[in-house]
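K.L.:
Can you read through this structure? Questions will come right after.
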Amino acid sequence: MFLQQLITGISIGGIYALLATGYSLIYSLLDFSNWAHGEFAMLGAYVAIVFANMVGVPFLIAAVLGVCGAALISFFCEKVVYRHIRSTGAPNMFLMIGAMGMSTIFQQVANLVFTGQYRSFKFKLPVNTIEIAGAYLGVLDLISLVLTAVILVFLMYLINKTKFGLNVRAIACNAYAARVLGVRVDRSIASVFLLAGSLAGVAGILYGMKYNVFPTMGNIGLKAFVASVVGGLGSVPGAIVGSLLLGVLETFVSGYVSSSLRDFFSFALLIVLLLVKPSGLFGVDVQDKA
Amino acid sequence: MIEFFNNINTGICSFLHINSYIQGVVVLLCINIIAILGMAVLTGFTRLFSFGNAGFMAIGAYTAAILIVRHNVNFLIAMVIGAAFAGFIAFLLGSLTLKLKGDYFLITCLGFGECVRVLFNYFKKLTGGSAGFPGIPNYSSMVFAVICAILAFFVAWRFIHSKFGRNLTSIRENELAAEAVGINAFRYKRLSFTFSAVYAGWAGALYAGYMMYIVPTNFALNKSIELITTTVIGGLGSLTGSVLGAMLVTLLPEVFRSLSNYRMLIYGFAVVLIIMFRPNGLYGYKEFSLKRTIAWFKKLFGGSAKAGKEEA
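Quick note, the sequences are listed as chains A and B, same order. Take the working numbering: the final residue in the first sequence is number 345, and no numbers are missing along the way. Take the working numbering: the final residue in the second sequence is number 613, and no numbers are missing along the way.
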């Protein structure tokens, strides 16, 4: 039972992590929380549903198309909206309000186009379980766990070892200095949005496979946001740790305490943690710039 | 006491031929105005974001409702207690969380709002849980709501144009500089947070009296987002702008009933477009003034009249 809960928790935490790293990446570059991020996951899942169920493309291709769709939507948001707001020199808070507006738009569009109906993939999902050491583990959970782990390792490699990652870290450190030293800031930011969008797409499709696809499923973005705050805004490893923590906590609270108090515990954890450690587990101390 | 106001209300409404539908819209408008005035003080004048104001509305609504229904308290006193209790909770929460910077503060507010909702759902004995809390007498008559809204606006106006309000504005413009000239930023932020929560609680108590039946989902995160959205549309830093925003957001959906499916979509577009092209909101930092409006009209018509003359 314990092991089973733990694995389920980690697998949900993995889905959160895919989203939370997106929040962190964007926060580290632009200092704002991209509220529309959860909606990218939702839209990615819908693109995949459209291709898999209506067009009839094989599931894997549909999933890839879904991921691409999410990435493109994220990219489009940056190109059209965020870049424009940045260029007016408005405070970062306005980016966040803009993102909130985008999130409302996407959610409503999905609601109008696809109605509020719960949809699931027609693809036959592996629903059987395997027994390891007395615990029954869903094959789907394991697949999502392994896939998430691979993607996250790849992401860490991308950020820590490649030229692209170096650019991103330079911009996060000081965008102006990076620009002076020849980093193409706008282009790097756009690629980060592509990357974050595709991660969100993967998260959305995995979530849609596990549960259903519905217009308000972008609300898992909220949980992922909480996770990235727990880990410390702007820190990618922090976001991963925070997500796993949150996923495991949620599963254990639903399993052992009460499922209706689940959200209470995750938000209470958040508030208490921030009171003890005001910038999250791995966050950098936020200071006013004089 | 309730009868007293309701009788006055019936008298005035039958005298002015106002039907019950319009009365309902006006009450809803007044409730929104009160809640949004609270947001305007917090967001527009202090630049703090709260995603928890729906939580404070819930606290005000449930406190007032429980006092009236279970303990037979006079509704005026219950409303004051509801608002004060919301303010008290905000004071405590603010004491803990206002030292956090930027988005960290925001997320604790969000967490608080969600916690309130989940707890109200959970404690079924006290609040009726997700089945709702029925049987609240209808005390939010139109006249009473209008009196409340005018009082709320008057108080907020005096507050913003007092020493406190100026200190809040200075914190908005530059917190570090404000502290350097001797303003205790933390205490003033807490004051502003408490003020907005009192207003939210007040609006919530009125809402309970208007709906006569409340459920925790009335006060979910979406309500907080709607409040922030309206404040942004109205103008960050203008009380009259916020009232205008509240009017637009409440009255336009009533006028365009057929478009009600697209209501939130239009809000979303309005927010994004306003943030992109008019970042200070419809009114920006200006307050509505009769003088300026007349001057503006004069310029509009006078300008064209002059141009006409020159052509002739």
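Glycine included, each C-beta is placed from N, C-alpha and C at the ideal position. Just so you know, these numbers come straight off a predicted model, no measurement behind them.
Comparing alpha-carbon positions, which option in B:A341, B:N310, B:F357 lies nearest V328 (chain B)?
P.N.:
Taking only the C-alpha atoms, the option nearest V328 (chain B) is B:N310.
K.L.:
Quick check on the burial criterion: 16 or more other C-beta atoms within 10 angstroms. Buried or exposed for V113 (chain A)?
P.N.:
Note that residue 113 (chain A) corresponds to Pro in the displayed sequence, not to Val. P113 (chain A) comes out exposed.
K.L.:
Could you check the C-alpha separation between G536 (chain B) and L197 (chain A) for me, to the nearest Å?
P.N.:
The straight-line gap from Cα to Cα measures roughly 50 angstroms.
K.L.:
Can you find a C-beta in chain A that's less than 9 angstroms from the C-beta of L411 (chain B)?
P.N.:
Answer yes: the Cβ-Cβ gap between L411 (chain B) and chain A drops below 9 angstroms somewhere.
K.L.:
Against chain B, with Cβ distances strictly below 9 angstroms, would L58 (chain A) count as a contact?
P.N.:
For L58 (chain A), the answer is no, since every Cβ of chain B falls outside 9 angstroms of its Cβ.
K.L.:
Look at V261 (chain B) and G156 (chain A) and say whether their C-beta atoms are less than 9 angstroms apart.
P.N.:
Here chain B comprises residues numbered 302 to 613, so residue 261 (chain B) is not present and cannot be evaluated.
K.L.:
Grab me the residues of V291 (chain A)'s own chain with a C-beta within less than 8 angstroms of its C-beta, minus the 5 sequence neighbours each way, in chain order.
P.N.:
Taken in chain order, the residues that qualify are T76, S79, L80, S83, L210, M211, I214.
K.L.:
CB-CB under 8 angstroms to F406 (chain B), same chain, minus the five flanking residues each way: which ones, in chain order?
P.N.:
Cβ neighbours of F406 (chain B) beyond the five flanking positions: L349, F350, T398, L399.
K.L.:
Quick one: what's E186 (chain A) bridged to in DSSP?
P.N.:
E186 (chain A) pairs with A:Y191.
K.L.:
Is any beta-carbon of chain B found at less than 9 angstroms from that of P333 (chain A)?
P.N.:
Yes - at least one Cβ of chain B is within 9 angstroms of the one on P333 (chain A).
K.L.:
Does the beta carbon of Y82 (chain A) come closer than 9 angstroms to any beta carbon on chain B?
P.N.:
Judged by the 9 angstroms Cβ criterion, Y82 (chain A) is in contact with chain B.
K.L.:
Let me confirm a value: P270 (chain A) is counted as buried when at least 16 other C-beta atoms fall within 10 Å, else exposed. Which label applies?
P.N.:
P270 (chain A) is buried by the Cβ-count criterion.
K.L.:
For L200 (chain A), I'd like the list of residues in its chain whose CB is within less than 8 angstroms of its CB, leaving aside the five on either flank, ordered along the chain.
P.N.:
Contacts found: I62, I65, S66, G69.
K.L.:
Any idea if R467 (chain B) is buried or exposed, counting beta-carbon neighbours within 10 angstroms, 16 or more meaning buried?
P.N.:
The residue is exposed, with fewer than 16 neighbouring Cβ atoms inside 10 Å.
K.L.:
Assuming F306 (chain B) and S442 (chain B) form a contact by the criterion Cβ under 8 angstroms, report the distance between their Cβ atoms to the nearest whole angstrom.
P.N.:
Indeed, because the Cβ distance is near 5 angstroms, the residues count as touching under 8 angstroms.
K.L.:
Residue ranges of each beta strand (DSSP E) run of no fewer than 3 residues wholly in the stretch 414 to 472 of chain B, ordered along the chain?
P.N.:
Complete beta strand (DSSP E) runs here, min 3: none at all.
K.L.:
Name the two residues that bound the continuous alpha helix (DSSP H) containing F95 (chain A).
P.N.:
Residues 92 to 104.
K.L.:
Based on DSSP bridge pairs, tell me the residues matched to I515 (chain B).
P.N.:
Partner(s): B:F434.
K.L.:
For G121 (chain A), tell me which candidate among A:G286, A:N108, A:G289 has the shortest Cα-Cα distance.
P.N.:
It is A:N108 whose Cα lies nearest to the Cα of G121 (chain A).
K.L.:
Find the nearest neighbour of G286 (chain A) within the set A:Y173, A:S298, A:L249, A:G276, judged by alpha-carbon distance.
P.N.:
For G286 (chain A), the nearest C-alpha among the options comes from A:S298.
K.L.:
Helix, strand or coil for R491 (chain B), going by three-state DSSP, please let me know.
P.N.:
In this structure, R491 (chain B) counts as helix in the three-state DSSP scheme.
K.L.:
Measuring only between beta-carbons, confirm whether L336 (chain A) sits less than 9 angstroms from chain B.
P.N.:
Chain B, which has no Cβ nearer than 9 angstroms to the Cβ of L336 (chain A), makes this no.
K.L.:
Anything in the stretch 186 to 204 of chain A with a Cβ closer than 9 angstroms to a Cβ of chain B? List those residues in chain order, please.
P.N.:
Result list empty, no residue passes.
K.L.:
Mind checking Y231 (chain A): buried by the 16 CB within 10 Å criterion, or exposed?
P.N.:
Classification of Y231 (chain A): exposed, given that the 10 Å Cβ count is below 16.
K.L.:
From the DSSP output, in three-state form, read off V482 (chain B) for me.
P.N.:
If DSSP states are grouped into helix, strand and coil, V482 (chain B) belongs with coil.
K.L.:
The alpha helix (DSSP H) with T398 (chain B) in it runs from where to where?
P.N.:
Counting along the chain, the alpha helix (DSSP H) containing T398 (chain B) begins and ends at 376 to 398.
K.L.:
Would you call N485 (chain B) buried or exposed, if buried means 16 or more other Cβ atoms sit within 10 Å of its Cβ?
P.N.:
Classification for N485 (chain B): exposed.
K.L.:
What does D241 (chain A) touch in chain B if you count any residue whose Cβ is under 8 angstroms from its own?
P.N.:
Within 8 angstroms Cβ-Cβ: nothing; D241 (chain A) doesn't reach chain B, min ~17 angstroms.
K.L.:
When the Cα atoms are used, what is the spatial distance from T347 (chain B) to F320 (chain A)?
P.N.:
If I take the Cα positions, the gap works out to 30 angstroms.
K.L.:
Counting pairs of Cβ atoms below 8 angstroms between the stretch 353 to 370 of chain B and the stretch 471 to 478 of chain B, do you hit three or more?
P.N.:
These segments do not touch.
K.L.:
Assuming S539 (chain B) contacts G345 (chain B) under a Cβ cut-off of 8 angstroms, what Cβ separation, rounded to an integer in Å, is found between them?
P.N.:
With a Cβ gap of about 7 angstroms, S539 (chain B) and G345 (chain B) count as contacting.
K.L.:
Could you check which residue in B:K490, B:N422, B:F352, B:H318 has the C-alpha nearest to that of M151 (chain A)?
P.N.:
Nearest of B:K490, B:N422, B:F352, B:H318 to M151 (chain A), Cα basis: B:F352.
K.L.:
Opposite R11 (chain A) in the DSSP bridges: which residues?
P.N.:
As displayed, chain A neither begins before 56 nor continues past 345, which places residue 11 (chain A) out of reach and without an answer.
K.L.:
Which residues, taken in chain order from the stretch 469 to 484 of chain B, show a beta carbon closer than 7 angstroms to some beta carbon of chain A?
P.N.:
So the list reads E476, L477, given in the order they occur along the chain.
K.L.:
Please state if the CB of T159 (chain A) and the CB of M565 (chain B) are separated by a distance shorter than 9 angstroms.
P.N.:
Closer than 9 angstroms, so yes.
K.L.:
Once you ignore the five residues that flank V544 (chain B) on each side, which residues in its own chain have a CB closer than 6 angstroms to its CB?
P.N.:
Closer than 6 angstroms at the Cβ level, and outside the excluded window around V544 (chain B), lie I334.
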